[in-house]
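Right, one structure below, let's go through it.
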């Protein structure tokens, strides 16, 4: 191999990989703008003309619930989950990372063990509990658990980050007379911002995409999220509805794409460090 | 950011506290705030994890439909599952096939891509982000629907293969191929483990490669003797993580199978069948038993991985582990 080839080969390979990888996304966008008769007959990604009516049809939503409502519902749940996870996980993480107390090792080991626990083992009893509390078909089962730090992944992520922080600032806060809460709130929490942002973004995206929990807890169409609304397309095999269906799909992934562009630095970094320090 | 500057002057009641008796006092003083910090987590751990685990274990020995009180049936659910329910075994087979094919493919691709990105100078950060994007979108219903369309009759994949003389017909409608639609959707999301691999690769000291090169090691030899052992903890971490996640795949299975595991139960993934028995057919006891067997299976496989890891995972800082 001559030096020029050697230099260009990795770039060419990466570019080729990128094209294959992004094809499904390009296809999604293209199909959402195609007239109905071009969807299957033409492999050409570019539509003969842009069929914006797919989007106006999509905006009408599903079973009389407009897309704006579906998006708002998704946003409400994801927003609640973000607040809950950031608060509860950072509280627990501070205790694990910085405070001494009895049973610390045992509790920490339990927390780490629940990282591996398949959700299905607790699913049915949780459903029974929320059912008894009259919370089925409300957003409580989707939001309340986040305020109780049930997602060990994020507790662990923030613990690892806090352990890496220098103790000096906290100690000087202590000497200045700050109690544990003051220290947590005005020293450790601001310093932990990168890990909290990572927690917030992943919580948002995972909650937004979480189809299973939403499906078992929500029944009334006006409470549906955008993800649940897409379900009505699952058992439909005709390609005639492709345009509006994928227009709605585009609308549903749009917030994730936006989040990705704004926060990709935190996302990729957070993933890399949380994985390594394990 | 308001950090140190906001620490107000020491309060009077704190400074007038007697200094001596420090040891025990301090420990007691530190105890109660810790439990306050942990209160949400402890409630969650007890009410939403520990108690539900015990309850679902108990339910797995009962017949329960959510409306009538549970009715003790001993081992009947387990017996039915293991000896009388062909669909259960179908779901086990499908899930195992999926895990065994998808996880190594995904990790292999992730490692390859990470090494490729490491060899890039400029553009590495861009490609790293771009390759990562599918990992965020892949779990969504939208993308699962895209996948179903791409592999259906007239979809891009079937058409392109057809033009190359490989006539598969619709993958989604073919019992032998449908599961691979889900496999490929999983493999498409190799960006997440790739990012972790890349961070691991960047931590390997260049001196190791220089030393290997001085000893006359070629590229392949360097890969086998430096990269693989130095990266093995990260490989192990990714392997355990991906394995656990893969056993629980749901959304793409639901979308590709039309919600019912079709065609001919070929995409009846474990979690899909669990959902069907528990929530569609209201056999909560049976579903709880399925969940416990899933937990045991994941536990056993994780344990085996940990056991075998001693012989292939290399920790440079041995005493630290």
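Chains as they are written, first to last, in my numbering: chain A, 12 to 289; chain B, 6 to 326. For glycine and all other residues, C-beta sits at the position ideal for the given N, C-alpha and C.
Identify every residue that forms a DSSP beta bridge with residue i.
i            : result
residue 73/A : 76/A
residue 76/B : 68/B
Distance check for residue j and residue i, CA to CA, integer angstroms please.
i             : j             : result
residue 193/B : residue 151/B : 13 Å
residue 275/B : residue 259/B : 11 Å
residue 129/A : residue 224/A : 14 Å
residue 245/A : residue 320/B : 47 Å
residue 264/A : residue 69/A  : 14 Å
residue 167/A : residue 102/A : 12 Å
residue 207/A : residue 21/A  : 35 Å
residue 231/A : residue 239/A : 11 Å
residue 18/B  : residue 307/B : Because residue 18/B carries a pLDDT of 40, less than 50, the predicted location of this residue cannot be relied on, and no value is offered for it.
residue 13/A  : residue 98/B  : 49 Å
residue 228/B : residue 197/B : 22 Å
residue 135/B : residue 153/A : 30 Å
residue 175/A : residue 117/A : 22 Å
residue 45/B  : residue 239/B : 32 Å
residue 268/A : residue 114/A : 42 Å
residue 218/A : residue 313/B : 35 Å
residue 91/B  : residue 284/B : 19 Å
residue 72/A  : residue 147/B : 15 Å
residue 230/B : residue 202/A : 40 Å
residue 16/A  : residue 28/A  : 18 Å
residue 89/A  : residue 216/A : 8 Å
residue 241/B : residue 220/B : 28 Å
residue 92/A  : residue 216/B : 50 Å
residue 195/B : residue 106/B : 14 Å
residue 43/B  : residue 23/A  : 51 Å
residue 11/B  : residue 190/A : Confidence is the limiting factor: at residue 11/B the pLDDT is only 34, short of 50, which leaves the residue's position unreliable, though a coordinate-based value still follows. Between residue 11/B and residue 190/A, the C-alpha separation is close to 13 Å.
residue 26/B  : residue 47/B  : Residue placement at residue 26/B is poorly supported in this model, since its pLDDT is 49, which falls under 50; the coordinates are not used for a value here.
Using CA atoms only, rank isn't needed, just tell me which of the options is closest to residue i.
i             : options                    : result
residue 181/B : 81/B, 269/B, 138/B         : 269/B
residue 205/B : 232/B, 67/B, 124/B         : 232/B
residue 256/A : 29/A, 40/A, 24/A           : 40/A
residue 120/B : 231/A, 239/A, 25/A         : 25/A
residue 47/A  : 148/A, 119/A, 136/A, 62/A  : 62/A
residue 298/B : 132/A, 33/A, 262/A         : 132/A
residue 241/A : 54/B, 145/B, 98/B          : 145/B
residue 84/B  : 54/B, 101/B, 65/B          : 65/B
residue 191/B : 91/B, 104/B, 313/B, 78/B   : 104/B
residue 350/B : 199/A, 137/A, 204/A        : Examination of residue 350/B is not possible in this model, given that chain B is present from 6 through 326 alone.
residue 126/A : 272/B, 247/B, 283/B        : 247/B
residue 146/A : 174/A, 227/A, 16/A         : 227/A
residue 141/B : 16/A, 272/A, 108/A         : 272/A
residue 82/A  : 162/A, 235/A, 169/A        : 235/A
residue 181/A : 200/A, 163/A, 169/A        : 200/A
residue 173/A : 204/A, 220/A, 85/A         : 204/A
residue 33/A  : 68/B, 132/B, 52/B          : 132/B
residue 30/A  : 257/B, 167/B, 304/B, 138/B : 138/B
residue 85/A  : 279/A, 23/A, 214/A         : 214/A
residue 60/A  : 179/A, 160/A, 254/A        : 254/A
residue 74/B  : 143/A, 209/A, 187/A, 161/A : 143/A
residue 110/B : 69/B, 215/B, 243/B, 271/B  : 243/B
residue 94/A  : 79/A, 274/A, 158/A, 266/A  : 158/A
residue 62/B  : 303/B, 220/B, 289/B, 317/B : 289/B
residue 189/B : 71/B, 82/B, 143/B          : 143/B
residue 37/A  : 57/A, 18/A, 49/A           : 57/A
residue 95/B  : 245/B, 279/B, 52/B         : 279/B
residue 100/A : 165/A, 75/A, 187/A         : 165/A
Taking only runs that begin and end inside the segment 146-177 of chain B, name each unbroken alpha helix (DSSP H) of 4 or more residues, in chain order.
146-155, 161-168
Could you pull out every unbroken alpha helix (DSSP H) segment of at least 4 residues lying fully inside the segment 95-177 of chain A, listed in chain order?
115-125, 131-143, 151-154, 163-174
Residue ranges of each alpha helix (DSSP H) run of no fewer than 4 residues wholly in the segment 242-299 of chain B, ordered along the chain?
256-261, 275-280
Cβ-based contacts, 8 Å cut-off: residues of the segment 116-150 of chain B near chain A:
118, 121, 122, 124, 125, 128, 132, 133, 134, 135, 136, 137, 138, 139, 141, 142, 144, 145, 146, 147, 148, 150
Using a Cβ-Cβ cut-off of less than 8 Å, list which residues of the segment 22-36 of chain A approach chain B; keep chain order.
22, 24, 25, 28, 29, 32, 33, 34, 35, 36
Residues of the segment 148-170 of chain A in Cβ contact with chain B at a cutoff of 8 Å, in chain order, please.
156, 158, 159, 160, 161, 166
In the segment 44-60 of chain B, which residues sit with their C-beta less than 9 Å from some C-beta in chain A, listed in chain order?
44, 45, 46, 47, 48, 49, 50, 52, 53, 54, 55, 56, 57, 58, 59, 60
Taking beta-carbon pairs under 9 Å, can you tell me which members of the segment 121-137 of chain A lie near chain B?
121, 122, 125, 126, 127, 128, 129, 130, 131, 132, 133, 134, 135, 136, 137
Interfacial residues, the segment 281-306 of chain B to chain A, with Cβ spacing under 7 Å:
283, 284, 289, 292, 293, 296, 297, 299, 300, 303
Hey, which unbroken runs of the alpha helix (DSSP H) at 4 residues or more fall wholly within the segment 28-71 of chain A?
64-70
Where the segment 101-112 of chain A meets chain B: residues whose CB sits under 7 Å from a CB there:
102, 103, 105, 106, 110, 111, 112
Identify every run of the beta strand (DSSP E) within the segment 40-124 of chain B, keeping only runs that are complete inside it and at least 3 residues long; order them along the chain.
none
Check distances from the C-beta atoms of the segment 81-98 of chain B to those of chain A and list, in chain order, the residues that come in under 7 Å.
none
Where the segment 65-83 of chain A meets chain B: residues whose CB sits under 9 Å from a CB there
none
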